[in-house]
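Novice: Input: one structure, supplied below.
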Amino acid sequence: MRFLRKTAAGFLLTFGFLLLLVPAVVLPDREATQDDRDGAWGCLAMGIPVTAWGGWIVWGLYSDRRKARLKQVQDAFYRLVRQHHGRVTVLNFAMEAELPGEEAKAFLDARSREFGVTFDVMEDGGIVYQFPVIGLEEPPVMAAAEPAAVLAGGDRVDVVLLDFPPNQKIPLIKVLREMTGLSLAATKDMTDQVPSVIGSNVEQAVARQWQQRLSAVGATVQLRSR
3 MRFLRKTAAG
13 FLLTFGFLLL
23 LVPAVVLPDR
33 EATQDDRDGA
43 WGCLAMGIPV
53 TAWGGWIVWG
63 LYSDRRKARL
73 KQVQDAFYRL
83 VRQHHGRVTV
93 LNFAMEAELP
103 GEEAKAFLDA
113 RSREFGVTFD
123 VMEDGGIVYQ
133 FPVIGLEEPP
143 VMAAAEPAAV
153 LAGGDRVDVV
163 LLDFPPNQKI
173 PLIKVLREMT
183 GLSLAATKDM
193 TDQVPSVIGS
203 NVEQAVARQW
213 QQRLSAVGAT
223 VQLRSR
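Residues 3 to 228 in this note's numbering are what the sequence shown lists, from first letter to last.
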């Protein structure tokens with residue numbers, strides 16, 4: 003359908019341009035006959051609506067493309083909010099939505115005014131937007147039960163990375179960055195210093211989601227009660 007609309011727009015604009023070209027050439031010509039002038043006025047009368055019609059189709063195509071792009075960007079934003087439990091950085095969003103850094107920051111700034119956010123500063127000086135996630139969180143995925151001694155206690159736990167296959171270091175770092183929103187250097191340090199705490203005072207439901215994602219890349223994770 004889009005191809006047909008583009009083809010129709012191209013035909014109408016080309017035909018309209020040719021029609022409008024006739025009066026542009028004939029009317030200024032003092033040697034043109036009256037019949038030529040009448041024909042030129044007819045071409046003008048026909049060329050204007052034909053060109054306008056083609057332009058209207060082009061505008062519709064442009065508008066549809068903008069709406070589709072906006073939806074793509076919004077979907078990327080909400081996906082990151084869900085995946086990272088509200089924590090979004092400009093870099094992560096720019097990569098996910100395929101936006102220039104300035105546009106990504108402008109979008110996040112606008113959403114921060116709309117939803118209200120808190121801000122955290124990472125070790126490298128980057129800003130983390132902490133969006134509210136009430137009503138946005140996906141249902142927790144239950145992982146295998148931990149020993150009672152580990153999870154006994156409150157509703158919050160520390161997530162500890164115990165071990166991982168050496169050939170899975172890069173995928174593991176990628177998952178850690180997606181989950182925590184931390185910098186590459188910070189997540190690399192976590193993998194270089196196992197066992198390491200990758201999340202402190204984390205809700206058990208969220209911690210189990212983290213555990214499942216890390217287990218998918220071969221990592222061994224323990225949830226420790228506080």
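Even for Gly, the Cβ is constructed at its ideal location relative to N, Cα and C.
Please report the distance separating the alpha-carbon of alanine 99 from that of serine 198.
Specialist: In a straight line, the C-alpha of alanine 99 is about 31 Å away from that of serine 198.
Novice: Just curious, the beta strand (DSSP E) that glutamine 224 is in, first and last residue?
Specialist: Taken as a continuous stretch (DSSP letters only), the beta strand (DSSP E) holding glutamine 224 covers 222-227.
Novice: Would you call the segment 59-79 and the segment 6-17 in contact, with 3 or more CB pairs under 8 Å?
Specialist: Touching, yes, given that three or more Cβ pairs across the two stretches are closer than 8 Å.
Novice: Whole angstroms are fine: how far does the CA of alanine 54 sit from the CA of tryptophan 43?
Specialist: Distance between the alpha carbons of tryptophan 43 and alanine 54 is about 17 Å.
Novice: Taking three-plus beta-carbon pairs below 8 Å as touching, is the segment 100-120 in contact with the segment 70-86?
Specialist: Result yes; three or more Cβ-Cβ pairs closer than 8 Å.
Novice: Quick check: what's the CA-CA separation for isoleucine 200 versus arginine 4?
Specialist: Between isoleucine 200 and arginine 4, the C-alpha separation is close to 48 Å.
Novice: Among Gly41, Leu20 and Phe19, whose alpha-carbon lies nearest the alpha-carbon of leucine 29?
Specialist: Comparing Cα positions, the closest option is Gly41.
Novice: Could you give the first and the last residue of the continuous alpha helix (DSSP H) run that contains threonine 9?
Specialist: Start and end: 4-28.
Novice: If valine 204 and valine 161 are in contact, beta carbons under 8 Å, what's the gap, nearest whole angstrom?
Specialist: Yes, they are in contact, since the Cβ atoms of valine 204 and valine 161 sit about 6 Å apart, within 8 Å.
Novice: Leaving out five residues on either side along the sequence, give the residues of the same chain with a beta carbon under 8 Å from the beta carbon of phenylalanine 95.
Specialist: The answer, listed in chain order, is Ala78, Phe79, Leu82, Leu101, Ala106, Phe109 and Leu110.
Novice: Check glutamate 98 in the structure and name its three-state DSSP category.
Specialist: Glutamate 98 falls in the helix class under three-state DSSP.
Novice: Is valine 159 near glutamine 213, with beta carbons less than 7 Å apart?
Specialist: No.
Novice: Checking the sheet assignment: what are the DSSP bridge partners for threonine 193?
Specialist: DSSP lists no partner for threonine 193.
Novice: Hey, cysteine 45 and leucine 6: beta-carbon distance below 7 Å or not?
Specialist: No, the Cβ-Cβ distance between cysteine 45 and leucine 6 is not below 7 Å.
Novice: Please work out which residues of its chain come closer than 6 Å, Cβ to Cβ, to glutamate 148, disregarding the five sequence neighbours upstream and downstream, and give them in chain order.
Specialist: Any reading at glutamate 148 needs caution, since the residue's pLDDT is 42, under 50, leaving its predicted position unreliable; the model's value is listed next. So the list reads Leu225, once near-sequence residues are dropped.
Novice: Just how far apart, CA to CA, sit valine 90 and serine 202?
Specialist: In a straight line, the C-alpha of valine 90 is about 18 Å away from that of serine 202.
Novice: State the start and end residues of the unbroken beta strand (DSSP E) segment that holds leucine 164.
Specialist: Note, leucine 164: beta strand (DSSP E), 158-165.
Novice: Starting from the Cα of glutamine 85, find the closest Cα among Glu180, Val130 and Leu163 and give me that residue.
Specialist: Among Glu180, Val130 and Leu163, the Cα nearest to that of glutamine 85 is on Glu180.
Novice: I'd like the span of the alpha helix (DSSP H) that includes glutamate 116, first residue to last.
Specialist: That run of the alpha helix (DSSP H) goes 103-117.
Novice: Going by alpha carbons, who is nearest to glutamate 116 out of Ile129, Val130, Glu104 and Pro134?
Specialist: The residue with the shortest Cα to Cα distance from glutamate 116 is Pro134.
Novice: Apart from the five residues just before and just after isoleucine 114, which ones in its own chain have a Cβ nearer than 7 Å to its Cβ?
Specialist: Note that residue 114 is serine in the sequence shown here, rather than isoleucine. Taken in chain order, the residues that qualify are Tyr131.
Novice: Can you have a look at arginine 32 and say buried or exposed, based on whether 16 or more other CB atoms are within 10 angstroms of its CB?
Specialist: When all chains shown are included, arginine 32 counts as exposed.
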